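Numbering (the working numbering), first residue to last: 141 to 908.
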């Protein structure tokens, strides 16, 4: 819970001597617009406080609303601070989607730093306030997932404060708002100077999905933008009794976001929670401590945790916003020490050289304070805190040129600086209540808000690699008013396909001019399947693709490195190298072996009709030789006819050769079977021998589908018919009556296995 806070006074060593840099902005200034988001409703004590620190001393005027209603006039001395209490009923935002006259305006006669505290019993937070000159026109909200509460106490929220009249604000919420504005549908609101507009999501989803993180806000004039939540637990679920805390931060405009960050764990904590948010599609983020790479869409965030031992570099291909969260004390397993707060972390490009800050105690935070510091490893010997060299406290980020320190400090005023005026650092301060007191706070103390221009590839380097034939999009961002590329283009982004250096200069109307360059390298990978070739045998030849590729894809969809050729044709493979570049090559292979095929007119023939004709379907052959399998002379005919003289199974082999001398063979079995017909001349249905009870012919080489037995009486009337060779006459007539003993005529019609028709006739004696 953030009831105590740090009062910071930035001291830039060169500020008075350097020529004003129109690209340089910081948290120090003379004119500020700010607002305070709604805190939770419960808690006996509730107050707001603005604290001003100054290096030189200043006269201060604080007003609120469009009419600049006076809150008070104050004086802050050199190298000191002054707290300014404000009645929360006057300026704390309430509810969602209503225009309120609650913007606070602070003016000073000399440069000062401003911090805002919203205190509620067990739910407080502090934010560093940016001067009006550092405000922007484009923002994304960074909040946290609300924990479901029946009292609607955990809403995700953000706040807009206008610094000029007739400010048109366009808002695209990432979730449905509390007042019914649909997610991802833009709406506009017009604000005058000193007016504020708060947007809250509902708190009706028990899984905590009503999170406004990623909401996009733009304006036609500079606005102050704040985001966070009324009071949340971190994480959102899993710790039912974890404490709630108000989180509140001023969000930097997208023009100041960066691509290289260094995160330092909070001292005395088991782990910390982080969120990284993208402003553009296709943003690749690499978290080096856990070797995780994610690709984010515009407005999408990735949440992750790092342990107390995982100080890490975080790189991105496009600009991102990064937040570090202190977890609820019960979630961290560290009862009584620490509770949620959110700190916006600055990219390493926003380093400063000198900062003075004051750690003020509260009723519960009075002895546990830490300063996390990041600087280049080569600059570690130059780091001073309160006149003492602190180089021995630094450890190196793995595989980088940067180091970090977690330095314990005490309440009171402190100065942190680098003795090399040309070098800098980043730092943030945080404090915890002692065991049993769950208060905490933390926010950045050492950073600038300079406009950034950084061309970088998706692999996070200054070289953009493209495949031959592809194009690359180079984007300088939308933060400048004029652009000039080395290609003479004047748009914010260009599309290129040629290898070489590309440089862009972006300029603003106030004189900021930044230049960056990137090298575009073209991957011209090649591959070859070799020369076209001819082979005799199908399957004899295997095409082998070249080594060194990570994927292979052949014309039939197979993915091996080799391909066995079965038929004549074109064969191609698409290979993919480690850079994802693809190239295709084709080879023609002619299989010259004749394609043998033949069919006999009968696979089974009877000895009565043993002539078989072999029809040759072979393609690509000029010479033939037939072995009929019965020791007869071979035949050189194309489609010969052969007469078999004996029963048996014969293996017929065709040998064929083409004009190139390629020879192949093909074999097939044919069968010569007997042709037998036998039928009894008498039968007795009452016989003790079962075979004698039914009249039935016995036929060898029968086509069972073409068979019919008919029984006639003496006057020529049909008494019985059967088309099933297994069903004979049992001597009965229709209706089950027994036929009289005597002589009957039978006729059998059938086809043999060669389809030849047969007709047999005779008489049979029925005996009773």
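We treat Cβ as the ideally placed atom computed from N, Cα and C, and that holds for glycine.
These numbers come from a predicted model, not from an experiment.
Apart from sequence neighbours up to five positions away, the residues of its chain that approach residue 625 with a beta-carbon distance below 6 Å are 634, 644, ordered along the chain.
Here residue 551 carries a coil assignment [DSSP, helix/strand/coil].
Per DSSP, residue 231 is one residue of the alpha helix (DSSP H) stretching across 228 to 231. Inclusion of residue 813 and residue 745 in the CB contact set at 9 Å is warranted, their separation being smaller than that value. One Cα belongs to residue 825, the other to residue 864, and the distance between them is close to 19 Å. CA-CA distance, residue 482 to residue 351, rounds to 15 Å. Residues of the same chain with a CB within less than 8 Å of the CB of residue 777, apart from the 5 flanking positions on each side, are 764, 766 in chain order. Of all alpha-carbon atoms in 810, 803, 801, the one lying nearest the alpha-carbon of residue 791 is that of 810.
In the structure shown, residue 832 falls within a helical segment according to DSSP collapsed to helix, strand and coil. By the Cβ-count criterion, residue 869 is buried, with 16 or more other Cβ atoms from all chains shown falling within 10 Å of its own Cβ. Residue 362 sits in a strand when the DSSP states are folded into three classes. Secondary structure at residue 420: coil, using DSSP grouped into helix, strand and coil. Under a 10 Å Cβ-count criterion, residue 306 is classified as exposed, with fewer than 16 other Cβ atoms of the shown protein chains found around its own Cβ. Nearest in C-alpha terms to residue 383, of all of 268, 670, 370, is 370.
Pairing residue 654 with residue 523, the inter-Cα distance amounts to about 29 Å. Note that the C-beta distance between residue 900 and residue 817 is below 9 Å. Annotation: the continuous beta strand (DSSP E) that includes residue 740 extends over 738 to 740. Each residue's CA atom was taken as its position, placing residue 190 and residue 169 some 15 Å apart. DSSP links residue 808 through a beta bridge to 792. Distance from residue 688 to residue 727 at the Cβ level is roughly 18 Å; contact not present, criterion being Cβ atoms closer than 8 Å. Contact between the region 618 to 632 and the region 422 to 434 is absent: fewer than 3 CB-CB pairs across the two stretches fall below 8 Å. When 234, 245, 224, 265 are compared, the shortest CA-CA separation from residue 572 is found for 265.
Under the DSSP definition of a beta bridge, residue 240 partners with 336.
Cα atoms of residue 849 and residue 894: separation of roughly 20 Å, rounded to the nearest angstrom. Around the Cβ of residue 535, a 10 Å sphere holds fewer than 16 other Cβ atoms; the residue is exposed.
Shown here, residue 440 sits in coil according to DSSP, grouped into three states, outside any helix or strand. Separation of residue 511 and residue 202 (C-alpha to C-alpha, rounded to the nearest whole angstrom) is 30 Å.
Annotation: residue 393 to residue 172 spans about 15 Å, alpha carbon to alpha carbon.
Annotation: residue 458 to residue 602 spans about 12 Å, alpha carbon to alpha carbon.
The residue from 686, 676, 646, 677 with its alpha-carbon nearest to that of residue 665 is 686. In this chain, the beta strand (DSSP E) harbouring residue 566 covers 566 to 572. Judged by DSSP secondary structure, residue 163 falls outside any beta strand (DSSP E); it is assigned neither H nor E.
Within the same chain, 551 come within 7 Å of residue 506 by CB-CB distance, once the 5 residues on both sides are set aside.
By a beta-carbon distance limit of 8 Å, residue 236 contacts residue 317. Their separation comes to about 6 Å.
In the three-state DSSP reduction, residue 874 falls in the helix class (H, G or I). As a beta-bridge residue in DSSP terms, residue 389 pairs with 367.
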